[in-house]
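Here is the structure we will look at.
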Amino acid sequence: MNVFTSRNDLLGFISTHIVYKYIRRAIMDDGQVENYGAFEVPAKGYKEPGWVVKVVTAKGKTVYVSVVCQEQYRLIVTEKEPMWKYWAGEGCSNEVYYGDRPDEYKKLKEIEIGKT
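The opening residue of the sequence shown carries number 8 in this note's numbering; numbering runs sequentially from there.
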């Protein structure tokens with residue numbers, strides 16, 4: 008199983024294993040990508056932890072790619088934002104875990120769990 012030590016490792020894994028060419032193209036070439044970091048529950052219906060990456064294609068389509076940690080990593084693509092109450096990047100020292108904008112994600116988590 009791959010070990011992700013950087014944002015580039017995570018994005019490289021997704022672009023290598025994703026079956027959707029438009030997502031691969033967006034990550035590798037013409038889209039916008041944001042690493043949301045680690046989540047206790049990265050995708051609805053899964054109890055294993057993982058990471059979430061927001062991908063916006065050149066045509067403006069937004070999808071969220073979750074890398075779920077099971078016996079093998081599993082990629083889940085959805086059009087729904089992750090549940091911020093499960094964001095697990097706070098206090099982590101590695102960018103792959105805390106994401107691209109950890110201060111913003113912490114606020115989103117606090118809002119969702121009612122700490123405002």
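For glycine and all other residues, C-beta sits at the position ideal for the given N, C-alpha and C.
In this structure, the CA atom of residue 93 is about 5 Å from the CA atom of residue 47. According to DSSP, residue pairing for residue 41 in a beta bridge involves 61. In terms of CA proximity to residue 118, 90 leads the group 99, 90 and 104.
Contact between residue 59 and residue 71 holds: their C-beta atoms lie close to 6 Å from each other, under 8 Å.
84 is the residue among 115, 103, 84 and 96 whose C-alpha sits nearest the C-alpha of residue 28. Rounded to whole angstroms, the separation of the alpha carbons of residue 121 and residue 61 is 24 Å. By the CB criterion at 7 Å, residue 50 and residue 96 fall outside the cutoff. No Cβ-Cβ contact shorter than 7 Å links residue 26 with residue 34.
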